[in-house]
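Novice: This is the structure I want to talk about, given as structure tokens.
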Amino acid sequence: MMRFKKSTEPQLDLDDASKILENIFAANQVEPNTIPLDVLTAYSNYRKERFSLQRTVLVVVMVLFLLLPFLFIAPSFTIQSETQGFEANPVYQVEVDTFIPVQRVTATIDGHNVPVYEVAAHVYSIEPPVNGHMTVSVTLINHQTVTHFIDVENVDSEAPLVVSNNMDEENVYLYLSDTGSGIKYEEIKAVNLSGQEILPVSYDTSTGCVAFAYPQETLNIYIPDNADNTLHLILTVK
Numbered sequence: 058m059m060r061f062k063k064s065t066e067p068q069l070d071l072d073d074a075s076k077i078l079e080n081i082f083a084a085n086q087v088e089p090n091t092i093p094l095d096v097l098t099a100y101s102n103y104r105k106e107r108f109s110l111q112r113t114v115l116v117v118v119m120v121l122f123l124l125l126p127f128l129f130i131a132p133s134f135t136i137q138s139e140t141q142g143f144e145a146n147p148v149y150q151v152e153v154d155t156f157i158p159v160q161r162v163t164a165t166i167d168g169h170n171v172p173v174y175e176v177a178a179h180v181y182s183i184e185p186p187v188n189g190h191m192t193v194s195v196t197l198i199n200h201q202t203v204t205h206f207i208d209v210e211n212v213d214s215e216a217p218l219v220v221s222n223n224m225d226e227e228n229v230y231l232y233l234s235d236t237g238s239g240i241k242y243e244e245i246k247a248v249n250l251s252g253q254e255i256l257p258v259s260y261d262t263s264t265g266c267v268a269f270a271y272p273q274e275t276l277n278i279y280i281p282d283n284a285d286n287t288l289h290l291i292l293t294v295k
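Here it is as structure tokens:
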């Protein structure tokens, strides 16, 4: 098997090169060089290193020049509600339209931070806990920021209230009120101490009146609204 070795350029020692140069000057009857050959070689290497550094700096400057427009590109985004009609506790979806990485997305209502969740690439979900004027800001990695505003409504975080109550020989009547999402009358129930579930005898959505049969023992009454806030009452028999 034949093996080929990579040829290398012959290296000439500086002393030998200097003698050859002197002989050439003498043969051509030229005045010998006054600058040593090693000095000339060192200067040549210095010029090569300096040229390489200048070329690197030039490349960096060109790259920065090409990237300069990207430093001023601002984000573009939309905010859409994912809830329909009068659904309580709205959820908003933020979609950022950009090819530059997003650094952060923030939301505040009256100066208080609102949680923001990333649900997909450049898609974020916001679930405001209160009503108010919400500020949503998107900042890209180039530190360019755009802010949008939206009025948040239909957030219901309060349970229904008992306005008044009365009773007769047969029933206990509770008069309810809920200024938010409204009472979910069909899910009102009571549970006695034995764990038995007891449903209301009747309810009237127009007056907010719910009637339970007069209990023989203590009852835990649960009154939910359409936002899943629940009022828990304890009805004690005396």
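Plus 57 on top of the position in the sequence shown (first one is 1) and you've got our numbering.
We put the CB at the ideal spot given by N, CA and C, even for glycine.
Every value quoted in this text rests on a predicted model; they were computed, and no experiment measured them.
1. Please classify residue 198: is it buried, with 16 or more other beta-carbons within 10 angstroms of its beta-carbon, or exposed?
2. Going along the chain, which residues of its own chain have a beta-carbon closer than 6 Å to the beta-carbon of residue 235, five neighbours each way excluded?
3. At what residues does the beta strand (DSSP E) containing residue 129 begin and finish?
4. Going by Cα to Cα distance, which pick from 188, 156, 167 is closest to residue 134?
5. Which ranges does the alpha helix (DSSP H) cover as unbroken runs of at least 4 residues, wholly within the stretch 232-294, from first to last along the chain?
6. Pick from 271, 280, 289, 132: whose alpha carbon is nearest that of residue 295?
7. Please classify residue 267: is it buried, with 16 or more other beta-carbons within 10 angstroms of its beta-carbon, or exposed?
8. Going by beta-carbon coordinates alone, are residue 150 and residue 120 separated by less than 8 Å?
9. Run through DSSP, which three-state label would residue 214 get?
10. Say whether the stretch 191-208 touches the stretch 218-228, bearing in mind that this needs 3 or more beta-carbon pairs closer than 8 Å, one atom from each stretch.
11. Throw me the rounded Cβ distance for the residue 284 and residue 145 pair, which I believe falls under 8 Å.
12. Relative to the alpha-carbon of residue 132, which residue among 292, 263, 159, 178 has its alpha-carbon at the smallest distance?
13. Around the C-beta of residue 265, are 16 or more other C-beta atoms found within 10 angstroms, so that it is buried, or is it exposed?
14. Straight-line CA distance for residue 196 to residue 128?
15. DSSP on residue 140, reduced to helix/strand/coil?
16. Keeping to the same chain, check which residues put their C-beta closer than 6 Å to that of residue 184; ignore five residues upstream and five downstream.
17. Can you give the Cα-Cα distance for residue 192 and residue 239, rounded to whole angstroms?
18. For residue 111, which of helix, strand or coil comes out of DSSP?
19. Quick one: what does DSSP say residue 148 is sitting in, helix, strand or coil?
20. Where does residue 187 sit, in a helix, a strand or coil, going by DSSP?
21. Within 10 angstroms of the Cβ of residue 276, are there 16 or more other Cβ atoms? Answer buried if so, exposed if not.
22. Based on the DSSP secondary-structure assignment, which residues constitute the bridge partners of residue 196?
23. Just to check my reading of the structure: residue 213 and residue 286 have Cβ atoms closer than 8 Å, yes? What is that Cβ distance to the nearest angstrom?
24. On the DSSP letters alone, give me the boundaries of the beta strand (DSSP E) that residue 178 sits inside.
25. Under 8 Å Cβ to Cβ from residue 153, same chain only, skipping five residues before and after it: list those, please.
26. Excluding five sequence neighbours on each side, which residues of the same chain lie with their C-beta closer than 7 Å to the C-beta of residue 140?
Specialist: Concretely, from the data shown:
1. exposed
2. 217, 282
3. Counting along the chain, residue 129 falls outside any beta strand (DSSP E), and DSSP gives it neither H nor E.
4. 156
5. none
6. 271
7. buried
8. no
9. coil
10. no
11. 4 Å
12. 159
13. buried
14. 12 Å
15. coil
16. 148
17. 28 Å
18. helix
19. coil
20. coil
21. buried
22. 161, 202
23. 6 Å
24. First-last for residue 178: undefined, no H or E at that position.
25. 132, 133, 134, 159, 162, 179, 180, 181, 195
26. 147, 148
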